[in-house]
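Count along the sequence shown starting at 1, add 242, and that's the number in the numbering used here. Ideal placement from N, C-alpha and C gives every residue a C-beta, glycine not left out. All figures in this text were calculated on a predicted structure; none of them were measured in a lab. Taking it in order: structure first as structure tokens, then the write-up.
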Amino acid sequence: MAPEKESNGLDNYAFALKGRFCDLTKHGEDVDTPIEEEGSKLAYCVTDVPPWYLCILLGIQHCLTAFGGIIAIPLILSQGLCLQHDGVTQSHLISTIFFVSGICTLLQVTFGIRLPILQGGTFTLLAPSMAMLSMPEWTCPAWTQNASLVNTSSSEFIEVWQTRMRAVQGSIMVGSLLQVLIGFSGLIGIFMRFIGPLTIAPTISLIGLSLFDSAGVSAGNHWGISTLTTVLIIIFSQYLRHIPMPLPAYGKDKKINSRRVYIFQILPVLLGISLSWLLCYILTTWSLLPSDPSQYGYLARTDLKGDVVSKAPWLTFPYPGQWGQPTVSVAGVLGIFAGVISSMIESVGDYHACARLSGAPPPPKHAINRGIGIEGLGCLLAGAWGTGNGTTSYSENVGALGITKVGSRMVIVAGGVFMIVMGVFGKVGAIFATIPSPVVGGMFMVMFGVISAAGISNLQYSDLNSSRNIFVFGFSMFSGLAIPNWIIKNPTAISTGVAALDQVLQVLLSTSMFVGGFFGFLLDNTIPGTKEERGILAWNKAHEDSSINTLESGEVYDLPFGMSAYLSSFPWSRYLPFCPPFVPKRPDGCGDGKSTQEPNNALEHSEPSQIIVGVTL
243 MAPEKESNGL DNYAFALKGR FCDLTKHGED VDTPIEEEGS KLAYCVTDVP
293 PWYLCILLGI QHCLTAFGGI IAIPLILSQG LCLQHDGVTQ SHLISTIFFV
343 SGICTLLQVT FGIRLPILQG GTFTLLAPSM AMLSMPEWTC PAWTQNASLV
393 NTSSSEFIEV WQTRMRAVQG SIMVGSLLQV LIGFSGLIGI FMRFIGPLTI
443 APTISLIGLS LFDSAGVSAG NHWGISTLTT VLIIIFSQYL RHIPMPLPAY
493 GKDKKINSRR VYIFQILPVL LGISLSWLLC YILTTWSLLP SDPSQYGYLA
543 RTDLKGDVVS KAPWLTFPYP GQWGQPTVSV AGVLGIFAGV ISSMIESVGD
593 YHACARLSGA PPPPKHAINR GIGIEGLGCL LAGAWGTGNG TTSYSENVGA
643 LGITKVGSRM VIVAGGVFMI VMGVFGKVGA IFATIPSPVV GGMFMVMFGV
693 ISAAGISNLQ YSDLNSSRNI FVFGFSMFSG LAIPNWIIKN PTAISTGVAA
743 LDQVLQVLLS TSMFVGGFFG FLLDNTIPGT KEERGILAWN KAHEDSSINT
793 LESGEVYDLP FGMSAYLSSF PWSRYLPFCP PFVPKRPDGC GDGKSTQEPN
843 NALEHSEPSQ IIVGVTL
């Protein structure tokens, strides 16, 4: 397997593990591996099963890696749902998103792409949700912004936030059906032909840039605390990431040994938040923070939601429809469509990166179709359960595979079970809900900046010396900032005479990622330019396999429990885009010599018959 690019910063061990390394050379080649290539080897490949204690340990680590992104979503969404002063409900939302993320992770690893990739909340659906909640009809009443006027147990307040949640739920559930359709029908291959770096770059970048107001408001409640949080995360993730910390470990010899762990590289967000949180607690205990709500810095106190932990139940079981029957609006659904499309594009890239880092062959088209379809199903479940969000593959956890050198999917299964357990214990969500607002704002400053930069990094595939490309990207980015800003400031400006159309235009034009992505897509596909200039060739090459196949494709990507062999016995199964091809075995039990690996650019060569049958189903 070719080592990952240096820019990913994944060239180090996080755990000095002892175990068998995956055979990363071609079958039949002499193994004469240079010393400098030892670091690219894996301790456990995707189909290996590490010891149970290692699965649990690394599974918890994956959950903690995704911790920042998962809890950030309900904390941001609570502003649009009028829940800023209802910590108990915020804790329910956090528990629910952990619970659903665990379920979706198990579904993806077992029946989806079958790679070790974690599922969690997505910012691509957060932007259109917040845009919908910013419409005049969903603007929070003034009294919900005053903590002294909010009675969280009153029926009036409950109806205020639950009606908004039900509207978001319904839009996400209907919008996710588009992803289910594109995935299981095999249309993702045709769709990706028209998507290039100049479409993806502004779309992803504007997700982070459009949330600058939320970050600024939270951080501005106490710039000292938020700055400390930001500085700590930067120091841990950038300056100390290559410094291992010796931690005690219980070895097979039944003795306590020392093991080097790159803890700063693995948990920079959690460490930064914890230390700033601790400082806020000390300052609150010593009465160094103001106790008057009208004074600056009051929101940095840790006792503002002191009763949240005591009120939260020990055990809570999230269930579909817990906030009432979801409602649907055309405007909300179309806004979610934009987020779903962005999520699919990002996930396809994550699948290829995950395959390289876990020692697996490049994912064939049936696995990608199934993965996208399962992600759509996960968004449907998230909407039904009432997280106010959907699910997607987490790039951070793909990177963690390169850090730990453990690519086993059983580790992700353990992580999924751990997230379900966290969602069931209500006290866990309640603890996270008590994080002071400035600490959350400091975390947002880093996370949203990284999201914006990650989008811009896609421009590396295109020719930045081309005036055409500079125009497309620049115009898309500026339009994605200017138009939504004006629409939000002038909510009554759109008046076509048709109320439903006004709502659709209001939501779409106030969603930065939709505006920027739309102009990027339109201009990139209509302004003359070669595929090399547009970056299409380099983009496709980057998503092809750059490693050496270490495992048979069927061993990794076939359906579990013998389902692939069973479905293959029916002739009609070959027309289903999400079913793996059947490879007959020789009498000696081996395959017929033909690899089940499909072409690297399989997405571009989906059979028309499969697509037609898939869409019909």
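- DSSP places Gln567 in the coil class of the three-state scheme, outside both helix and strand.
- Only residues of its own chain outside the window of five on either side were considered, and among them Ile359, Asp592, Ala595, Cys596 and Leu599 have a CB closer than 7 Å to the CB of Val640, listed in chain order.
- In this structure, the straight-line span from the alpha carbon of Ala609 to that of Leu513 is close to 36 Å.
- His327 and Ile698 have their C-alpha atoms roughly 36 Å apart.
- Using a Cβ distance threshold of 8 Å, Gly628 and Met407 count as a contacting pair.
- Membership of Asn700 in any beta strand (DSSP E) is not indicated, and neither H nor E is assigned to it by DSSP.
- If you look at Val459, you'll find it in the alpha helix (DSSP H) that goes Phe454 to Ala461.
- C-alpha of Ile515 to C-alpha of Ile475: approximately 8 Å in a straight line.
- Residue pairing of Gly466 in beta bridges, as defined by DSSP: absent, with no partner found.
- Cβ contact annotation for Val422 (same chain, cutoff 8 Å, sequence separation greater than five): Gly615, Gly618, Leu619 and Leu622, in chain order.
- For Ser500, no alpha helix (DSSP H) run applies; the uninterrupted beta strand (DSSP E) run containing it begins and ends at Ile498 to Val503, by DSSP.
- In the three-state DSSP reduction, Gly777 falls in the coil class, being neither helix nor strand.
- Ala741 counts as exposed, since fewer than 16 other beta carbons sit within 10 angstroms of its beta carbon.
- Around Val351, the same chain offers Leu357, Pro358, Ile359, Arg651, Ile654, Val655 and Gly658 as residues with beta carbons nearer than 8 Å, after the five sequence neighbours per side are excluded.
- Per DSSP, Val422 is one residue of the alpha helix (DSSP H) stretching across Ser397 to Ser427.
- Fewer than three Cβ pairs drawn from the region 467–474 and the region 811–818 lie within less than 8 Å of each other, which leaves the two stretches out of contact.
- Linking Ile315 to Pro370 through their CA atoms gives a straight-line distance of about 13 Å.
- Assignment of Phe667 by DSSP, reduced to helix, strand and coil, places it in the strand class.
- Nearest to Leu284 by alpha-carbon distance, out of Leu643, Phe812 and Gly671, is Leu643.
- For His608, the enclosing alpha helix (DSSP H) starts and ends at Lys607 to Trp627.
- In chain order, Ile616 place their CB closer than 6 Å to the CB of Leu349, counting only its own chain and leaving out the 5 sequence neighbours on each side.
- By the neighbour-count criterion, in which 16 or more other beta carbons inside 10 Å mark a residue as buried, Gln537 falls on the exposed side.
- Val572 is the residue among Thr381, Cys305 and Val572 whose C-alpha sits nearest the C-alpha of Gly412.
- Around the beta carbon of Tyr286, a 10 Å sphere encloses 16 or more other beta carbons of the protein chains shown; the residue is thus reported as buried.
- The Cβ atoms of Gly804 and Thr445 do not sit closer than 8 Å to each other.
- For Ala675, same chain residues with a beta-carbon under 7 Å away, outside a window of 5 residues either side, are Gly329, Gln332, Ser333, Ile336, Lys547 and Val550 in chain order.
- For Thr558, the CB contacts under 6 Å within the same chain, skipping 5 residues up- and downstream, are Ser337 and Gly668 in chain order.
- For Thr634, the secondary structure class from DSSP, reduced to helix, strand or coil, is strand.
- Taking the CA atoms as reference points, Thr381 sits about 56 Å from Ser811.
- Pro488 is positioned such that its CB atom lies no closer than 8 Å to that of Pro733.
- Per DSSP, reduced to three states, the secondary structure at Gly362 is strand.
- Comparing alpha carbon positions, the residue from Gly777, Pro802, Val670 and Pro568 closest to Arg710 is Gly777.
- Leu489 has Arg501 as its beta-bridge partners, per DSSP.
- Segment contact: the region 762–780 against the region 710–726, three or more CB-CB distances shorter than 8 Å; contact assigned.
- Note on Asp290: 16 or more other CB atoms within 10 angstroms of its CB, so buried under the neighbour-count rule.
- Remark: fewer than three beta-carbon pairs, one from each stretch, lie closer than 8 Å, so the region 501–511 and the region 446–456 are not flagged as touching.
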